[in-house]
Amino acid sequence: MLQRNLTIKNETYTALLTGLCKKGILRDLHDCWNIAINKNWLPGLEDSKKLVECLCHRKMLKEALVLLEHMLEFYPYLRSDICHVFLEKLCVMGFSTAAHALVEQLFQQGCNLGQMAYSHVIKGLCEEKKISVAVKVLDSMLAKNMAPCWDVFLLLIPRLLRADGFNKAIALREISLKEQSVLSFSFEGALIKGFCMTGKVEEASSVFQDMLSKGLPAEAELCNVLIEGHCQVNNTRKVRELLSVIIRKKLSLSISCYRNCVRWICMEGRVPWAFSLKELMLGQNNTDNLVIYNILVFYLLSSGNKLLVNKVLNELVENRLLPDEVTYNFLVYGFSKCKDVSGSVQHLSTMISEGLKPSNRSLRTVISCLCDVGELGKALQLSQEMILKGWVHDSIIQNSIVEGLLSRCKLQEAEHFLHSIVDKGLIPNTINYDRLIKRFCGYGRLNKAVDLLNIMLKKGNVPNSASYDSVIQGFCTRNKLDQALNFHTEMLARDLKPSTNTWNTLVRRLCQEGHTAEAEKLLISMIHIGETPTREMYSCVANRYCLENNLKKASELMQAMQRSGHSPDFSSHWSLISNLSNSSDKASSNDNSQGFLSRLLSGSGFSWRKDSKTKLG
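Each residue of the sequence shown is one higher than the last, beginning at 178 in the numbering used here.
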């Protein structure tokens with residue numbers, strides 16, 4: 178079309194740019210963008226909303242602002258509408274800080290966009306959790322004799338109270354009542370919620386009483402908020418009063434409020450209240466009854482009242498309600514917390530027999546409990562059933578069963594179990610074998626330990642330093658130094674820190690094998706990563722150099738040892754001194770310069786002068 182000099186409409190450019198932006202074809206987008214701008218392309222107001230949203234989604238803020246400038250230039254009579262469209266989209270898409278800067282710049286240029294522009298910015302900043310910046314914008318508004326929109330008041334009051342801005346919240350409330358007296362109820366409600374969020378329940382109650390004295394109705398939502406607040410501060414009297422209000426005025430108790438009440442009631446030992454509250458909820462007929470029973474079951478078990486759970490389950494049967502997955506999972510987990518393993522196992526078995534799948538938490542809870550009480554056979558039976566059903570075995574399940582087998586010295590069974598889980602692909606992506614790697618290394622099963630380590634890596638999980646330490650030390654014990662060094666190199670490449678014992682074992686083994694230079698390189702690499710070699714490591718390498726009659730290297734190691742803050746021991750000193758008589762370096766020590774022995778002794782705190790009459794002996 179361009180090559181044929183055909184006229185391209187604004188709608189065509191807009192459609193193409195919007196499509197390219199949505200698809201993320203950024204190179205073509207920029208090419209088309211430059212052509213459109215040069216051709217004085219102008220989208221309509223509604224189309225610009227979609228395009229700005231796309232540009233912000235692609236983090237193309239610069240292009241969005243260029244578009245704004247372009248539209249303001251060609252649509253001066255729509256200046257206010259255009260700015261509000263752009264500000265709203267910028268704030269919704271997470272660019273509230275840029276939107277605020279834009280508002281201030283336009284204000285300095287004499288363009289006062291009014292309270293709506295600042296309200297957009299404040300709402301965006303609140304969504305981005307930049308409350309302190311939102312408060313500054315509010316201060317800027319108030320300084321310009323502007324008040325935010327009423328929904329911004331409702332948004333700011335709770336957040337100000339949460340951020341200890343009590344005085345500012347109260348001042349904001351007074352302003353709001355002057356600006357929007359008809360919305361007094363909404364503002365008072367926001368204040369109550371804010372006080373409850375910050376634990377200032379007495380202040381919330383005071384505002385509530387003030388509302389009632391003005392003849393404002395006791396709304397269910399505010400009663401629920403206040404009940405939850407008083408539950409948190411254990412104010413029994415207030416909770417009873419508010420529940421009475423709800424019953425008397427036939428208001429609804431929310432599920433959230435019911436849950437908090439039941440938890441508090443059970444923890445306080447007022448279990449009869451919990452059953453009364455359950456009857457109140459069942460009478461409302463606006464909630465799934467099974468949810469009400471499930472909440473009661475959970476908190477009865479959490480507070481150790483397992484005997485009363487049977488009463489609840491009998492009620493379910495009487496009311497022709499069938500327990501669901503949530504019910505059974507609560508029962509399995511709750512009975513385990515009450516130390517009733519048999520009850521936990523029984524409910525899990527019932528759940529599976531009824532064709533329901535237990536949660537991972539229920540499965541690992543039962544298996545770990547069975548292993549803890551020595552019922553390894555039952556744990557293996559449950560695992561076998563899980564394998565048949567293709568259910569994943571998480572880290573806790575595998576660790577519990579394998580450690581149970583290892584503690585009974587059933588090494589082959591442990592390895593076979595792990596192999597079967599891997600072979601059937603029943604391993605989660607978050608698998609962690611760190612404990613088992615260490616255990617298998619302790620039993621000398623290095624191959625299995627390495628297999629587990631590799632499985633973790635394939636799943637994207639890096640084993641911890643202790644796992645690598647165990648493998649490296651295991652290979653050293655079996656005289657497989659090359660493999661040990663390979664794992665050590667891999668460990669460092671993954672930014673894991675070997676233990677001092679691992680460094681020491683590698684240095685000692687390298688020296689025993691006659692790889693003294695390699696041992697010295699290990700000491701150097703330790704220093705490079707910010708670790709300090711021990712005196713034993715330095716001495717081991719220095720003594721090996723002495724045995725090889727490389728006294729220059731031995732001397733350098735001794736000096737490096739002293740720079741690291743270690744004092745060479747007597748055996749290392751004597752090893753050097755005793756080798757001097759056989760060293761070709763001894764002849765060179767008769768020149769005018771200070772000799773090797775004198776340097777060594779000086780470094781250890783001794784003085785040496787040619788004219789001294791003091792004799793060593």
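C-beta: ideal position from N, C-alpha, C; glycine also.
For this session: Would you tell me roughly how many angstroms separate the C-alpha atoms of S770 and S702, rounded to the nearest one?
Result: Taking the sequence shown and counting its residues from 1, one reaches residue 770 at position 593. Taking the sequence shown and counting its residues from 1, one reaches residue 702 at position 525. Since pLDDT at S770 reaches only 47, below the 50 mark, its modelled position is unreliable, and the value read off the structure follows with that caveat. C-alpha separation (whole angstroms): 33 Å.
For this session: Drop a sphere of 10 angstroms on the beta-carbon of E552, count the other beta-carbons inside from all chains shown, and report buried for 16 or more, exposed for fewer.
Result: Locating residue 552 in the sequence shown gives position 375, counting from the first residue. Result: buried.
Exercise. Three-state secondary structure (DSSP) at N215?
Worked result: The residue labelled residue 215 in the question sits at position 38 within the sequence shown. Residue state, collapsed to three classes: helix.
For this session: Just the C-alpha distance for I423 and V486, rounded to the nearest angstrom, thanks.
Result: One-based indexing of the sequence shown puts residue 423 at position 246. One-based indexing of the sequence shown puts residue 486 at position 309. Whole-angstrom Cα-Cα distance: 27 Å.
Exercise. Considering only residues of the same chain and omitting the five flanking positions on each side of V494, which have a CB-CB separation below 6 Å?
Worked result: Translated into positions along the sequence shown, residue 494 becomes position 317. Within the same chain, V494 has no close Cβ partners at all.
Exercise. So, are the CB atoms of M270 and H234 less than 8 Å apart?
Worked result: What you label residue 270 is simply residue 93 of the sequence shown in a count that begins at 1. What you label residue 234 is simply residue 57 of the sequence shown in a count that begins at 1. The answer is yes: Cβ separation under 8 Å.
For this session: Would you identify the three-state DSSP class for P253, choosing helix, strand or coil?
Result: Here the question's residue 253 lines up with position 76 in the sequence shown. The answer is helix: DSSP assigns P253 an H, G or I state.
Exercise. Just to confirm, are D571 and P605 a CB contact at a threshold of 8 Å?
Worked result: For the purposes of this step, residue 571 is taken as the residue at position 394 of the sequence shown. For the purposes of this step, residue 605 is taken as the residue at position 428 of the sequence shown. Contact check for D571 against P605 passes: the beta carbons are separated by less than 8 Å.
Problem set entry | Cβ neighbour criterion (16 or more within 10 Å) applied to V579 | Along the sequence shown, one-based indexing puts residue 579 at 402. Burial call: buried.
For this session: Identify, in the order they occur along the chain, each residue of the same chain with its Cβ nearer than 6 Å to the Cβ of N609, setting aside the five sequence neighbours on each side.
Result: Taking the first residue of the sequence shown as position 1, residue 609 is located at position 432. S572.
Exercise. Would you report the Cα separation of A275 and G532, rounded to the nearest angstrom?
Worked result: Counting from one through the sequence shown, the residue named residue 275 turns up at place 98. Counting from one through the sequence shown, the residue named residue 532 turns up at place 355. Across the structure, A275 and G532 are spaced so that their CA atoms are roughly 55 Å apart.
Exercise. Under a three-way DSSP split, which group does I404 fall into?
Worked result: Your numbering for residue 404 matches position 227 in the sequence shown. I404: helix per DSSP, three-state reduction.
For this session: Counting only the same chain and skipping the five closest in sequence on each side, list residues whose C-beta sits under 7 Å from that of Y190.
Result: Numbered from 1 along the sequence shown, position 13 holds the residue referred to as residue 190. Taken in chain order, the residues that qualify are A213, W218.
Exercise. Can you tell me the Cα-Cα spacing of L826 and F512, whole angstroms?
Worked result: Because the chain spans 178 through 794 in this model, residue 826 falls outside it and cannot be assessed.
Problem set entry | Segments assigned beta strand (DSSP E), at least 3 residues, entirely inside the stretch 472-503 | none
Problem set entry | Proximity below 8 Å, CB of K520 to CB of A556 | Counting from 1 along the sequence shown, the entry for residue 520 is found at position 343. Counting from 1 along the sequence shown, the entry for residue 556 is found at position 379. The sequence as given places Gly at residue 520; Lys does not occur at that position. It is not a contact, given that the beta carbons lie outside the stated cut-off.
Exercise. Start and end of the alpha helix (DSSP H) containing H524?
Worked result: Here residue 524 corresponds to residue number 347 of the sequence shown, with the count starting at 1. Its alpha helix (DSSP H) spans residues 518-530.
Exercise. Does the beta-carbon of N720 have 16 or more other beta-carbons within 10 angstroms, so that it is buried, or is it exposed?
Worked result: The residue labelled residue 720 in the question sits at position 543 within the sequence shown. N720 is buried by the Cβ-count criterion.
Exercise. F478: buried (16+ other C-beta within 10 angstroms of its C-beta) or exposed?
Worked result: Stepping through the sequence shown from its first residue, residue 478 is reached at position 301. In the sequence on display, residue 478 carries Leu and not Phe. L478 comes out buried.
Exercise. Can you tell me whether DSSP reads S676 as helix, strand or coil?
Worked result: Taking the first residue of the sequence shown as position 1, residue 676 is located at position 499. Looking at S676 - three-state DSSP - the assignment turns out to be coil, as it is neither helix nor strand.
For this session: Mind checking which residues open and close the alpha helix (DSSP H) that includes S620?
Result: Here residue 620 refers to the residue found at position 443 of the sequence shown. A quick correction: the sequence has Tyr, not Ser, at residue 620. No alpha helix (DSSP H) holds Y620; DSSP gives it neither H nor E.
Exercise. Expressed to the nearest angstrom, what Euclidean distance is found between the alpha-carbon atoms of R712 and K635?
Worked result: Working through the sequence shown from its first residue, we reach residue 712 at position 535. Working through the sequence shown from its first residue, we reach residue 635 at position 458. Taking the straight line joining both Cα atoms gives about 39 Å.
Exercise. In three-state terms, what does DSSP make of M323?
Worked result: On the sequence shown, residue 323 is found 146 positions in, with the first residue counted as 1. Reduced to three states, the DSSP call for M323 is coil.
Problem set entry | Cα-Cα separation, S766 to S716 | Here residue 766 refers to the residue found at position 589 of the sequence shown. Here residue 716 refers to the residue found at position 539 of the sequence shown. For S766, the predicted model reports a pLDDT of 45, less than 50, meaning its position is unreliable and no value from the coordinates is stated.
For this session: Find out if the Cβ-Cβ distance for the pair V448, N482 is shorter than 8 Å.
Result: In the sequence shown, the residue the question calls residue 448 occupies position 271. In the sequence shown, the residue the question calls residue 482 occupies position 305. Yes, the Cβ-Cβ distance between V448 and N482 is below 8 Å.
Problem set entry | Continuous alpha helix (DSSP H) stretch holding S539: start and end | Working through the sequence shown from its first residue, we reach residue 539 at position 362. 537-549 is the extent of the alpha helix (DSSP H) around S539.
For this session: Could you check the C-alpha separation between V489 and L673 for me, to the nearest Å?
Result: Looking up residue 489 in the sequence shown gives position 312. Looking up residue 673 in the sequence shown gives position 496. Roughly 53 Å separates the two Cα atoms.
For this session: Indicate the three-state DSSP secondary structure (helix, strand or coil) for D205 in the structure shown.
Result: Stepping through the sequence shown from its first residue, residue 205 is reached at position 28. Note: D205 maps to helix in three-state DSSP.
Exercise. Whose C-beta lies closer than 6 Å to the C-beta of R612 among residues of the same chain, with five residues either side of it excluded?
Worked result: Taking the first residue of the sequence shown as position 1, residue 612 is located at position 435. Excluding positions up to five away in sequence, the list reads N576.
Exercise. Hey, which unbroken runs of the alpha helix (DSSP H) at 4 residues or more fall wholly within the stretch 232-314?
Worked result: 238-251, 256-269, 273-285, 292-304
Problem set entry | For L419, the nearest candidate out of K455, S433, S382, V410 (CA to CA) | For the purposes of this step, residue 419 is identified with residue 242 of the sequence shown, where counting begins at 1. For the residues K455, S433, S382, V410, the minimum Cα distance to L419 belongs to S382.
Exercise. Which first and last residues belong to the alpha helix (DSSP H) in which N437 is found?
Worked result: Here residue 437 refers to the residue found at position 260 of the sequence shown. 432-444 is the span of the alpha helix (DSSP H), which, as asked, contains N437.
Exercise. DSSP state of D465, grouped into three classes?
Worked result: Here residue 465 refers to the residue found at position 288 when the sequence shown is read from its first residue. Reduced to three states, the DSSP call for D465 is coil.
Exercise. In three-state terms, what does DSSP make of L194?
Worked result: Here residue 194 refers to the residue found at position 17 when the sequence shown is read from its first residue. Looking at L194 - three-state DSSP - the assignment turns out to be helix.
For this session: Please go through the same chain and pick out, in chain order, the residues whose beta-carbon is closer than 8 Å to the beta-carbon of T195, but skip the five residues on each side of it.
Result: Numbered from its first residue, the sequence shown carries residue 195 at position 18. Correct list, in chain order: D224, K227, L228, C231.
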